[in-house]
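Chains A and B, in that order, are what the protein sequence lines are. Following our numbering, the numbering of the first sequence begins with 3 at its first residue and continues without gaps. Following our numbering, the numbering of the second sequence begins with 10 at its first residue and continues without gaps. We treat Cβ as the ideally placed atom computed from N, Cα and C, and that holds for glycine. These numbers were taken from a predicted model, which means no experiment stands behind them. Data first, discussion second: the structure below is written as structure tokens.
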Amino acid sequence: MTRLEIVDSQRCVGCELCMLACARRQNDVGIASSCIGVQSAGGMVNGFTIIVCRACENPPCARSCPVDALSLRKGGGVILNKAKCIGCKTCVGNCILGAIFWDSDIDKPMICIHCGICAKYCPHGVLALNKMTEEIAIAQE
Amino acid sequence: MLHIDLEHKSFKIERREDLFGEFIGGAGVAIKLLLDECPEGCDPLAPENPIILAVGPMTGEYPLGSKTVAMFKSPLTGNLGESHCGGRSAVAIRSAGFGAIVIKGKADMPVYLSIFDRKVHFRNATTLWGMGSNSTSGRVIRAAEPGAGTRTIMRIGRAGEKLVRYAEVTTETFRHFGRLGLGAVFGSKNLKAIAISGKNKLPVSDVKDYRALYDEIYNAAVQSELMKKYHDLGTSVNINVLNTIGALPTRNVTSGTFEDASTISGEYLAEHFLGRRLACTGCPVACIHIANLREPYEDEPYFYKVTGVSYDHELIYAAGSMLGIGDPEKFLKLMEMIEKVGLDAMTTGATLAWATEAFQKKLITKKHTAGIKPAWGDHEAYIEMVKLIIDQPNEFYQDLAMGSAYASEKYGGTEFAMVFGKNEMAGYHTGPAGYIGYAIGARHSHLDNAGYSIDQKKLMEQPEEIPPETVVDELVKEEEWRQILSSITVCFFARGLYPPDVVARGLKLSGFDVTPEDLDEIGKKIYKNKYAFKLREGFTLDVAALPKRIYETPSPVPYLNEEYMDKALKHFEELIQSW
Chain A
3 MTRLEIVDSQ RCVGCELCML ACARRQNDVG IASSCIGVQS AGGMVNGFTI IVCRACENPP
63 CARSCPVDAL SLRKGGGVIL NKAKCIGCKT CVGNCILGAI FWDSDIDKPM ICIHCGICAK
123 YCPHGVLALN KMTEEIAIAQ E
Chain B
10 MLHIDLEHKS FKIERREDLF GEFIGGAGVA IKLLLDECPE GCDPLAPENP IILAVGPMTG
70 EYPLGSKTVA MFKSPLTGNL GESHCGGRSA VAIRSAGFGA IVIKGKADMP VYLSIFDRKV
130 HFRNATTLWG MGSNSTSGRV IRAAEPGAGT RTIMRIGRAG EKLVRYAEVT TETFRHFGRL
190 GLGAVFGSKN LKAIAISGKN KLPVSDVKDY RALYDEIYNA AVQSELMKKY HDLGTSVNIN
250 VLNTIGALPT RNVTSGTFED ASTISGEYLA EHFLGRRLAC TGCPVACIHI ANLREPYEDE
310 PYFYKVTGVS YDHELIYAAG SMLGIGDPEK FLKLMEMIEK VGLDAMTTGA TLAWATEAFQ
370 KKLITKKHTA GIKPAWGDHE AYIEMVKLII DQPNEFYQDL AMGSAYASEK YGGTEFAMVF
430 GKNEMAGYHT GPAGYIGYAI GARHSHLDNA GYSIDQKKLM EQPEEIPPET VVDELVKEEE
490 WRQILSSITV CFFARGLYPP DVVARGLKLS GFDVTPEDLD EIGKKIYKNK YAFKLREGFT
550 LDVAALPKRI YETPSPVPYL NEEYMDKALK HFEELIQSW
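Next up, the structure:
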């Protein structure tokens with residue numbers, strides 16, 4: 003069980019290698035299909051904000067889905083059942099972080115699966131993938 | 010390809026496989042478009058002068074593939090205008106679904122363009138026109154337009170609006186199309202800014218092979234010396250290096266060493282002022298260094314202004330050593346002003362340096378300078394002069410806004426106006442290869458062929474004189490290869506990561522069937538196209554036009570003299586005539 007952690011967004015240089023890596027995981031190229039976002043904090047002089055699923059305990063996205071397309075992932079986060087999803091964007095509106103991205107090609111959400119490929123390609127120590135011990139995982143369940 | 014007509018506020022999208030197939034992208038496509046779209050002899054500030062922006066087939070796909078090439082007729086030189094910019098620009102253009110954008114005409118009112126969802130939206134920029142700070146207009150557009158995190162916002166400052174011939178275009182606060190006056194071309198079209206974003210997925214023929222090549226380049230990048238050198242201190246690591254060998258242009262190149270170099274060095278700035286490092290999209294290096302300048306307000310105690318000021322080698326040379334400014338805070342204050350109004354720092358610094366010497370030699374007086382006494386190290390005088398270059402209250406400042414080639418022809422002092430092909434020099438007084446490089450480079454930029462590097466790695470190292478013809482041949486070869494790098498639009502810092510076989514493999518995955526040998530031929534063809542444009546627009550090469558100053562101030566290579574330079578230029582002349 004793994005979970006993505008933003009270690010220190012102040013270390014972010016805005017290279018967006020995490021976004022490119024996320025797209026590659028999905029067999030895509032570019033930044034369009036990334037489930038993680040990097041935005042300047044009101045201009046690059048102020049550094050960056052990283053936008054990604056933070057695996058909340060009782061995720062509003064899953065709770066608000068009218069067709070139960072989002073199920074809880076063991077260890078945190080959600081898993082999308084594409085067959086159930088009707089593309090209503092209710093989840094998008096219910097994520098206060100804006101961490102639910104949209105694939106307009108198939109009209110369905112794109113949400114981080116906490117695989118950690120972004121952390122692997124982060125050269126400046128902003129992101130890390132934490133292996134969760136069983137104890138913590140149970141506590142969170 | 011996207012065509013935008015500002016006069017009719019219309020656009021059209023067309024496919025140009027022929028163009029990209031033959032010239033790859035970036036510089037190769039842009040120069041062909043410039044030859045086709047720019048009428049011969051046109052006024053660079055006329056509506057007919059096109060703005061061409063182009064990216065390449067590897068943009069957004071591989072590490073450091075982050076550059077946009079802009080091509081236009083330069084209002085500074087009246088000839089080939091080419092400028093490269095990183096930031097988010099290249100990946101944003103490609104993700105918006107375009108390989109090239111051609112902008113023509115002149116809007117009847119100030120506009121900015123917002124490009125997304127394959128549409129061009131013409132927005133009213135009246136409110137933004139005349140804004141004092143370049144970053145404020147950026148902030149307004151950021152709030153008004155979509156695509157946060159994946160967009161570029163290119164904009165001009167007051168320098169561009171006022172048609173200063175060396176106005177720059179700024180993107181993402183700290184990146185620029187700095188050289189040769191693209192900002193004035195924007196201004197002449199009533200074009201304040203362009204915001205571009207998109208969500209296009211990029212095509213590759215084999216995802217598995219693509220990932221493998223990505224990893225190969227990425228691993229080479231993060232393990233390279235380049236990574237460490239440019240991430241740690243940035244290009245300003247060169248200040249101490251060049252000063253030690255006597256190659257740091259100081260006080261308008263009256264010296265190659267600066268006694269205060271250590272306090273404006275990359276090491277000193279990193280230790281005392283560095284606040285943040287930034288990267289272009291897709292680049293692990295993060296060479297962009299931002300200093301935090303903390304200034305107290307005089308009217309109230311414990312009240313401070315903190316500003317982020319970008320610095321690198323060329324800026325420290327231009328707004329530091331070239332003007333005799335060795336106090337880092339004074340350098341940063343001058344730099345902040347240059348950035349705020351949107352001027353090219355290199356041309357601004359060299360032009361102010363010419364003005365200082367012309368003032369010392371009484372070619373110009375206080376009557377010309379509106380009472381200001383330009384003097385080495387006096388940053389306040391220079392800040393005032395920068396403001397007046399924008400405001401242009403008299404004929405002298407109107408002339409100064411044309412650049413130092415123009416001003417020196419009118420007021421005298423061409424022998425110490427540090428221009429090559431009317432473009433002000435970069436921060437390297439390394440020797441003949443550097444200067445030949447400026448003179449024969451298609452953009453008259455140090456980046457055309459890196460002559461400064463040949464001086465340092467070869468000419469300085471070998472005791473016997475290397476023939477000028479050999480130097481020219483080497484510069485031409487380098488410049489030909491750089492046409493490929495700027496056509497796939499990778500950063501020149503990444504040139505070691507992109508040898509011909511890697512480029513060929515990358516292009517193959519993007520659907521180009523080319524061998525490394527083919528690339529050599531394409532590079533030559535692009536280079537010749539640039540010279541075809543230059544010659545069409547009246548380019549001439551004459552040793553007499555080079556500033557005599559370069560021979561007077563000792564450089565690390567002892568045989569920098571007029572005779573040597575003459576032989577080099579004649580050899581190059583024969584070469585281009587043989588085409």
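For residue i, the residue or residues it bridges with in DSSP
| i | result |
| --- | --- |
| residue 500 (chain B) | According to DSSP, which records beta bridges pairwise, residue 500 (chain B) is partnered with nothing at all. |
| residue 39 (chain A) | A:53 |
| residue 12 (chain B) | B:21, B:111 |
| residue 303 (chain B) | B:315 |
| residue 72 (chain A) | A:82 |
| residue 549 (chain B) | In the DSSP output, where bridge partners are listed per residue, residue 549 (chain B) has none listed. |
Start-to-end residues for the beta strand (DSSP E) that takes in residue i
| i | result |
| --- | --- |
| residue 186 (chain B) | 184-186 |
| residue 7 (chain A) | 4-8 |
| residue 105 (chain A) | 103-105 |
| residue 234 (chain B) | Premise fails: residue 234 (chain B) lies in the alpha helix (DSSP H), 234-241, not in any beta strand (DSSP E). |
| residue 201 (chain B) | 200-205 |
| residue 121 (chain B) | 120-125 |
| residue 469 (chain B) | Careful: residue 469 (chain B) lies outside any beta strand (DSSP E) and carries neither H nor E. |
| residue 131 (chain B) | 128-133 |
| residue 110 (chain A) | 110-112 |
| residue 178 (chain B) | 178-180 |
Proximity below 7 Å, CB of residue i to CB of residue j
| i | j | result |
| --- | --- | --- |
| residue 35 (chain B) | residue 65 (chain B) | yes |
| residue 353 (chain B) | residue 187 (chain B) | yes |
| residue 36 (chain A) | residue 46 (chain A) | no |
| residue 413 (chain B) | residue 451 (chain B) | no |
| residue 578 (chain B) | residue 550 (chain B) | yes |
| residue 113 (chain A) | residue 58 (chain A) | no |
| residue 7 (chain A) | residue 132 (chain A) | yes |
| residue 506 (chain B) | residue 99 (chain B) | no |
| residue 294 (chain B) | residue 240 (chain B) | yes |
Residue interval of the alpha helix (DSSP H) (run including residue i)
| i | result |
| --- | --- |
| residue 365 (chain B) | 354-369 |
| residue 134 (chain A) | Neither: residue 134 (chain A) is in no alpha helix (DSSP H) and is coded neither H nor E. |
| residue 485 (chain B) | 477-494 |
| residue 96 (chain A) | 92-96 |
| residue 460 (chain B) | 460-463 |
| residue 581 (chain B) | 571-586 |
| residue 25 (chain A) | 19-27 |
| residue 325 (chain B) | 322-328 |
| residue 284 (chain B) | No alpha helix (DSSP H) contains residue 284 (chain B), which is instead part of the beta strand (DSSP E) from 283-287. |
| residue 539 (chain B) | 525-545 |
| residue 337 (chain B) | 337-350 |
| residue 62 (chain A) | 62-66 |
Best match in the options for proximity to residue i [C-alpha to C-alpha]
| i | options | result |
| --- | --- | --- |
| residue 152 (chain A) | A:51, A:15, A:80 | Nothing about residue 152 (chain A) can be read from this structure; chain A reaches only from 3 to 143. |
| residue 132 (chain B) | B:63, B:110, B:82, B:204 | B:204 |
| residue 190 (chain B) | B:121, B:40, B:587, B:53 | B:53 |
| residue 120 (chain B) | B:150, B:92, B:386, B:99 | B:150 |
| residue 11 (chain B) | B:128, B:79, B:396 | B:128 |
| residue 242 (chain B) | B:433, B:475, B:281, B:209 | B:281 |
| residue 332 (chain B) | B:389, B:163, B:494 | B:389 |
| residue 153 (chain B) | B:166, B:137, B:168 | B:137 |
| residue 421 (chain B) | B:467, B:373, B:462 | B:373 |
| residue 530 (chain B) | B:28, B:21, B:32, B:23 | B:32 |
| residue 483 (chain B) | B:109, B:89, B:584, B:286 | B:584 |
| residue 164 (chain B) | B:155, B:89, B:104, B:176 | B:176 |
| residue 125 (chain B) | B:415, B:101, B:476, B:202 | B:101 |
| residue 34 (chain A) | B:206, B:17, B:287, B:349 | B:206 |
| residue 403 (chain B) | B:465, B:346, B:417, B:380 | B:380 |
| residue 365 (chain B) | B:310, B:350, B:427 | B:427 |
| residue 109 (chain A) | A:43, A:86, A:98 | A:86 |
| residue 174 (chain B) | B:224, B:83, B:89, B:22 | B:83 |
| residue 78 (chain B) | B:88, B:48, B:42, B:425 | B:42 |
| residue 439 (chain B) | B:565, B:63, B:497, B:432 | B:565 |
Beta-carbon neighbours of residue i, restricted to chain C and to distances below 7 Å
| i | result |
| --- | --- |
| residue 159 (chain B) | The structure shown contains no chain C; the protein chains it does contain are A and B. |
Practice problem: Ignoring anything shorter than 3 residues or poking outside the region 45-97 of chain B, list the beta strand (DSSP E) runs there in chain order. | Solution: Counting only runs of 3 or more, we get 60-63, 77-82, 89-94.
Self-check item: Whole alpha helix (DSSP H) elements within the region 245-280 of chain B, 4-residue minimum
Solution: The region 245-280 of chain B contains these whole alpha helix (DSSP H) runs: 247-254.
Quiz item: Can you list the beta strand (DSSP E) stretches of 3 or more residues lying completely in the region 136-167 of chain B, in chain order?
Solution: Those beta strand (DSSP E) runs which fall completely within the region 136-167 of chain B and span 3+ residues are 161-165.
Exercise. Counting only runs of 4+ residues fully inside the region 401-451 of chain B, write out the alpha helix (DSSP H) ranges in chain order.
Key: Counting only runs of 4 or more, we get 404-409, 413-420, 441-449.
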